[in-house]
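Undergrad:
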Amino acid sequence: MNKLFSRANVPEFLQNRRLRGIAMMTAILAILGIVLSFLLNWIFGIVVLVLVGIATLIAFNTMAEIGADTTQYISDLSFRIQQGEQEALLRMPPGVIILGENDQIEWVNPYLQHYFGDQDVLNRTIGAVDTDLAKLVEGAEPQTMTTVKWRDKRFTMYVQPDFHAIYLYDITHYQLIQEQYDNEKIAIGQIFLDNYDEVTQSMTDQDISNLRNYVTNELSAWVQQFDMYLKQLDDDHYFILAYAKSLAGIEADKFKILDTIRESTSKQNFPLTLSMGIAYGDPNLNKLADQAQSNLDLALGRGGDQVVVKAADQEARYYGGKTNPMEKRTRVRARMISQALQELMNESDQIFVQGHTQPDMDSLGACLGIRRIAKMNNKKAWIVLDKETVHSDVQRLLDNLKEYPDVDAAIISPEEALEKATDQSMLLMVDHSKSSISISSELYHRLENRVMIIDHHRRGEEFPENPLLVYIEPYASSTCELITEMFEYQSQEGEPINKLEATAMLTGIFVDTKHFSLRTGTRTFDAASYLRSAGADAIQMQQYMKENVDSYLQRNHLIEMVEFVNEDMALIAGEEDQTYDPVTAAQAADDLLNMSGVDASFVITRRADGRVGISARSLGEINVQLSMEAMGGGGHLSNAATQISDKTVAEVKQQLIDILNHSDEPEETTT
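The numbers in the UniProt record's numbering rise by one with no breaks, and the one at position 294 of the sequence shown is 294.
(1) Could you tell me how far apart the beta carbons of Val159 and Ala140 are, in whole angstroms, since I believe they sit closer than 8 Å?
(2) So, helix, strand or coil for His356, using DSSP?
(3) Compute the distance between the beta-carbons of Asp581 and Ala616, then report whether it is under 9 Å.
(4) Among Ser75, Gln291, Leu341, Gln225, which has the Cα closest to the Cα of Ile250?
(5) Count the other CB atoms within 10 Å of the CB of Asp305; is the residue buried (16 or more) or exposed (fewer)?
(6) Would you kindly work out how many angstroms separate the C-alpha atoms of Glu668 and Asp399, rounded to a whole number?
(7) Would you mind sorting Ser645 into buried or exposed? The rule is 16 or more other CB atoms within 10 Å of its CB.
(8) By the three-class DSSP mapping on this structure, what secondary structure does Asn661 have?
(9) Mark Ala528 as exposed unless 16 or more other C-beta atoms lie within 10 angstroms of its C-beta, in which case mark it buried.
(10) Using a Cβ-Cβ cutoff of less than 8 Å, which residues in the same chain neighbour Leu36 once the five nearest sequence positions on both sides are dropped?
(11) Am I right that His515 and Thr479 are in contact with their C-beta atoms under 8 Å? What's the rounded C-beta distance?
(12) Quick check: the Cα distance between Met336 and Ser618, rounded to an integer number of angstroms?
(13) Do Val649 and Ala573 have their C-beta atoms within less than 9 Å of each other?
(14) Go through its chain and collect everything with a Cβ distance to Lys153's Cβ below 7 Å, but skip five positions before and after it.
(15) Apart from the five residues just before and just after Lys310, which ones in its own chain have a Cβ nearer than 6 Å to its Cβ?
(16) Hey, out of His114, Val129, Asn346, Pro93, whose CA is closest to Asp103's CA?
(17) Assess, as a yes-or-no matter, whether the segment 336-349 is touched by the segment 466-485 under the definition of 3 or more beta carbon pairs within less than 8 Å.
(18) What do you reckon, are the CB atoms on Ile483 and Ile370 nearer than 9 Å?
(19) Could you tell me if Met157 is buried or exposed, where buried requires 16 or more neighbouring beta carbons within 10 angstroms of its beta carbon?
(20) Quick one: measure Cβ to Cβ for Leu219 and Tyr238, integer angstroms, because I've assumed they're closer than 8 Å.
(21) Assuming Leu428 and Val353 make a contact with CB atoms under 8 Å, what is their CB distance in whole Å?
(22) Whose CA, out of Arg606, Arg459, Tyr181, lies closest to the CA of Leu300?
(23) What span of residues does the alpha helix (DSSP H) with Glu198 cover, start to end?
(24) For the segment 91-168, which segments carrying the alpha helix (DSSP H) assignment without a break, of at least 4 residues, lie completely within its bounds, in sequence order?
(25) Check Ile383 in the structure and name its three-state DSSP category.
(26) Check whether the Cβ of Gly620 sits closer than 8 Å to any heavy atom of the ligand NAP, and report yes or no.
(27) Measuring CB atoms only, is the segment 378-398 touching the segment 533-552, in the sense that at least three cross pairs come out at less than 8 Å?
(28) For the segment 556-619, list the alpha helix (DSSP H) runs that are entirely contained and at least 4 residues long, ordered along the chain.
(29) Quick one, which of His164, Pro271, Pro142, Leu230 has its alpha-carbon nearest Gln201's?
(30) Judging by CA-CA distance, which residue of Lys135, Leu122, Gly303, Leu112 is the nearest neighbour of Tyr475?
(31) Decide if Ala64 is buried, meaning its Cβ has at least 16 other Cβ atoms within 10 Å, or exposed.
(32) Return the first residue and the last residue of the alpha helix (DSSP H) that Ala248 is part of.
(33) Which residue or residues does DSSP assign as beta-bridge partners of Ile186?
(34) Could you pull out every residue in the same chain whose Cβ sits closer than 8 Å to the Cβ of Ser246, ignoring the five residues on either side in sequence?
(35) Kindly indicate which residue of Ala630, Asp120, Glu651, Asn377 has the alpha-carbon position closest to the one of Tyr318.
(36) Find out if the Cβ-Cβ distance for the pair Asp282, Leu288 is shorter than 9 Å.
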């Protein structure tokens, strides 16, 4: 194309336009010369006229030749342009289809005809020629480049409706390069044997060696199956290195290695579980390793026996975690946490403790227990509570607190807490770890660098970034159980727990274990025994757990609307135009578990704040936490909940049913 329009190929008349101007000026001067010649001498004028006539004939002849050259040049140029266009259409790599007014194919360039073979495509619709291509064209966005797969190749498709044209650019080569690059991205993982120390402490050396060899052999076979690298770092700790392609393979396999090792070791009476944290998507290996450790911590905080796969700034994917976590905490850990708590309290000028919104007896009982521990260590502690949003059982407890003026005076509002807080204060979050559901999120942000967490729920993806101390034990029945164990390691010189505090904490354990029928272990009964010996009043407990007539009738009304999903799951959806108390909904979910054949229950109701809430319960065989996390909530394997804004009860119900019908697949959290 550069040669076509080079200076050497441009005709002379185009290079010498200035000469034509000069010729015009010369003609004007010639006429003036003739006139002057006749004025001077008529013979001289005739001679000049003859000469000018001869010059004019020569000039006209020259102009004719120039015109002919111009016509020839334009004709030649048009021919070469048309020839170039035809060559481009016939030989250029992109495929072109031109359609007629009736969407019939009028023309296909030879490049695209190659894909149709010997098939005659003219005057036929695309659907008649190739149904797959017709679907791609129909689904393509006009005037937009779209990547499609057709005939085992990748194309960029461009549809131009104004010209009835479709363009297909083959990008298979570049797509393969991109896929290879994506498949070879590095993923780093860490594997931890959750209860290795607990399982092996009573085993002989030979049995320990056999167990360790079995686990290592199973893991080695597993990584070889998916082309990964495994390195044992410690007796209970392994490191894996994989490509993204391998990660996709083990996710498709849903990490069956967890079930294999757990089931095999259980048959040998040494039930061992694994937890994994896998990170991907970051080119920086140091950041990738840190993310893998964070993912492992998240898996362990959720109770172990599961895998967390997560990239930075993306939602986590959870696998496993469908079995009840085994009790593996020891009194040594309780003592260490208790001592660490004492040290943190001594470094603080005052202590603030708060539970979650809509506090229950476990939440408030835990707050009372922490206040008492602070008192034993001669520290001022404040319980942050919004008294306007408490349920009837908590209100009865608050009424009884008036008999204990020092305890009653320690309960303050969120606004008062913000006024009292200083940079040296410490905040304890009990019975929850999500700041978004704290009684005062503002107080959390005020003291976010001086936060401690004590909780018995599985850890979620939302979690404080830099807590001073974390004590999360999903194996415990309740937060009150965890805090009760700490009293044994406090100073005996301080004032002991009083009757009301012991009663409140025992009620918290009693409620969370459903009358000691769920999530109870030997430690649960030890804690209950301690509180009973400290003066907990069983009759007063019954008073706290009583419900009013309206709540009773409302709960029974909800139960009347029960329906079943997958035979073993009971579901209730309240009326759209009626609000229900969250505690009443939770009680209805608990009552459904008493029905024969019901392993899990879900109660969906409209709350007073306008949101739609779900209370989920199970007997332990079904992990309701995963379902609630998929809807933005969380909780425990057998006790979870969520609240959803801007949706109707019917929409939330359908969303839940869709999740339950696909419960075999891993659930992802939404935040």
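Beta carbons are placed, not taken as given, at the ideal position from N, Cα and C, and that holds for glycine.
Just so we're clear, the structure is a prediction, and the values are computed from it rather than from any experiment.
TA: Looking at the atomic coordinates:
(1) 5 Å between Cβ atoms; contact.
(2) Three-state result, His356: strand.
(3) In this structure, Ala616 does not lie closer than 9 Å to Asp581 by Cβ.
(4) The option with the nearest alpha carbon to Ile250 is Gln225.
(5) Flag for Asp305 reads buried.
(6) Per-residue confidence for Glu668 stands at a pLDDT of 40, beneath the threshold of 50, marking its modelled position as unreliable; the derived number appears in the next sentence. One Cα belongs to Glu668, the other to Asp399, and the distance between them is close to 42 Å.
(7) By the neighbour-count definition (other C-beta atoms within 10 Å, threshold 16), Ser645 is an exposed residue.
(8) Of the three classes helix, strand and coil, the one that applies to Asn661 here is helix, per DSSP.
(9) By the beta-carbon neighbour count (other beta carbons within 10 angstroms, threshold 16), Ala528 is buried.
(10) Hits under 8 Å: none found.
(11) So it is not a contact: roughly 18 Å between Cβ atoms.
(12) Looking at the two C-alpha atoms, the distance is approximately 33 Å.
(13) A contact, by the Cβ cut-off of 9 Å.
(14) Taken in chain order, the residues that qualify are Asp170, Thr172.
(15) Take Lys310, set aside five residues on each side of it, and the residues of its chain with a beta-carbon closer than 6 Å to its own are Asn295, Ala316, in chain order.
(16) Looking at the Cα atoms, Val129 is the closest of the given residues.
(17) The answer is yes - the segment 336-349 touches the segment 466-485, with three or more Cβ pairs under 8 Å.
(18) Judged by their CB atoms, Ile483 and Ile370 are nearer to each other than the 9 Å cut-off.
(19) With 16 or more other Cβ atoms from the protein chains shown falling within 10 Å of its own Cβ, Met157 counts as buried.
(20) Contact between Leu219 and Tyr238 holds: CB atoms are separated by about 6 Å, below the 8 Å threshold.
(21) That belief holds up - the Cβ atoms of Leu428 and Val353 are roughly 4 Å apart, short of 8 Å.
(22) Of Arg606, Arg459, Tyr181, the residue nearest in Cα terms is Arg459.
(23) Where Glu198 is concerned, the enclosing alpha helix (DSSP H) stretches over 196-200.
(24) Inside the segment 91-168, DSSP marks whole alpha helix (DSSP H) runs of 4 or more residues at positions 110-116, 126-129, 131-139, from first to last along the chain.
(25) DSSP places Ile383 in strand when its eight states are reduced to three.
(26) The ligand NAP is not among the ligands present in this structure, which contains no ligands whatsoever.
(27) A contact exists between the segment 378-398 and the segment 533-552.
(28) Counting whole runs of 4 or more residues, the segment 556-619 contains the alpha helix (DSSP H) stretches 582-592.
(29) When each option's Cα is compared against that of Gln201, the closest is Pro271.
(30) With distances taken between Cα atoms, Tyr475 lies closest to Gly303.
(31) Ala64 is exposed by the Cβ-count criterion.
(32) Start and end: 244-252.
(33) Partner(s): Tyr243.
(34) Excluding its 5 nearest sequence neighbours in each direction, Ser246 has C-beta neighbours in its own chain below 8 Å: Ala187, Phe226, Asp227, Met228, listed in chain order.
(35) That would be Ala630, whose Cα lies nearest to the Cα of Tyr318.
(36) One thing to note: Asp282 has its Cβ within 9 Å of the Cβ of Leu288.
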